[in-house]
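See below for the structure under consideration.
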Amino acid sequence: MPEDDVNGFIALVTFITVLTIFGTVGRLWILRRRPRTLAVNISDAAFVLFTVLMVATAGIAFDVVRQELRIRRDFGDEAIPDMLFTEGYLKEFFAITLFCTTQVWLLKGAFLGYYWSLKDSLAERIRRLLYAVSVYCLATYIGVLSFQLGYCSPLSTNWSTGSDRCLATLTVPGMILQQWTNITSDIMVLVVPLFTISSLNLRRKDLYALSVVFLIGTLSIAASVVRFTQVYYVVMHADNSIEAIRRTLVWAVIEKLFAFTAFCLPCLRVFYRKRHSSSGSLPVEKRTLFSTSSHPNSCKSGNGSGQSC
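In structure tokens, the structure reads:
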């Protein structure tokens, strides 16, 4: 891979890692006074763990790039395929695949935890949808992770340097299972709030704001589809080169960036209203924590409970 592409990869991973750290700290600080419930705690825990794994993944990626640049400097580009694919490198690649899988499902868990915190204000049909999506996401994560850990036997063949090397994520079953379940679960997580919004009486500017969030969520799904095409090329053409694998990692990082942004954006509205709202007797964070409109009756769900979102 040209050195400019390597530097571009380093810059992308660095930017997204720093953004993730600041975004996580900022979101937790903005929402620090909200009521603590089990669903909120689970959502925050999933969100923080996502950030921890993001930093760990970036550290491993930087170490791989350091090795690649050292080999290129000392022995030339031709030596990279033979000298880079060592047992240590393959172990790092295996760890990255596990971290990436866990990260994308952690973000789904963070979204679902947020939806569960609003459960009492949702119509019965939407609650049933939320239950089904939650079960599906949990089952698919367990299934994908079990496949990655169990498909290659013994496990050590994932980092074998011999002819018995087996990379579960770069097989046809692994490609189909992981990419299909990831994309379908993303769509299902996005569908839940769409049904919720249909039961709300929102102002135009609120609809515009939510449209931006959903657009970014849709871009995350689009990045997942592009990543699927990259993995498909690697698997079907047996292209295990460092360049091809890195392309799949780039789109995985972009996918997570869009999903992370979609999750963080709504809290900026809370921050804005904390700064600019001076009306009402209740603290601003309590009035606006889960509301999507300032109209007092705009967040009643279809079951007529009248509880605020």
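With UniProt numbering applied, the sequence shown has no gaps in its numbers, which climb one by one up to 309 at the end. By construction, the Cβ of each residue, glycine as well, lies at the ideal position given by its N, Cα and C atoms.
Hey, could you find the ends of the alpha helix (DSSP H) residue i is sitting in?
i, result
"P123", "With the sequence shown as reference, residue 123 is identified as Ala, and Pro is not the correct amino acid for it. Where A123 is concerned, there is no enclosing alpha helix (DSSP H), given that its DSSP letter is neither H nor E."
"C100", "87 to 117"
"P193", "172 to 197"
"E68", "38 to 75"
"S220", "204 to 236"
"L31", "Run containing L31: none; DSSP gives neither H nor E here."
"P154", "That residue, P154, is in no alpha helix (DSSP H); it is neither H nor E in DSSP."
"L167", "Per DSSP, L167 belongs to no alpha helix (DSSP H) and is neither H nor E."
If residue i and residue j are in contact, beta carbons under 8 Å, what's the gap, nearest whole angstrom?
i, j, result
"I21", "T51", "6 Å"
"A39", "G113", "5 Å"
"P130", "W116", "Sequence inspection shows Leu at residue 130; the Pro mentioned does not correspond to that position. About 7 Å separates the two Cβ atoms, so the contact holds."
"F214", "L190", "7 Å"
"T261", "I187", "Going by Cβ atoms, the distance from T261 to I187 rounds to 18 Å, so no, they are not a contact pair."
"L19", "D44", "That pair is no contact at about 18 Å."
Comparing alpha-carbon positions, which option in the options lies nearest residue i?
i, options, result
"L69", "V104, L53, F263, V6", "V6"
"R269", "P81, A11, V13, L31", "L31"
"V253", "I80, A222, V235", "A222"
"A61", "R34, Y151, A11, T181", "A11"
"F9", "V64, Q103, F47, V144", "V64"
"S146", "L170, S156, T101", "T101"
"T169", "L138, S220, F228", "F228"
"E124", "I245, F99, V192", "V192"
"Y151", "R247, T37, L167", "L167"
"P255", "N182, H237, M188, V18", "The sequence given here places Glu at residue 255; Pro does not occur at that position. If we check each option's Cα against that of E255, N182 comes out closest."
"S185", "V226, V235, S220, R204", "S220"
"G162", "L207, M188, F85, V234", "F85"
"P266", "I245, V235, R247, D206", "D206"
"C264", "L149, M236, V212, V226", "V212"
"L249", "G26, T37, L98", "L98"
"W159", "W105, K91, I96, L210", "K91"
"L49", "Q67, R72, T140, T24", "T24"
"V13", "C137, V55, V133", "V55"
Consider the C-beta atom of residue i and the heavy atoms of the ligand PLP; say whether any pair is separated by less than 7 Å.
i, result
"L265", "In terms of ligand content, the structure shown is empty, and the ligand PLP therefore cannot be addressed."
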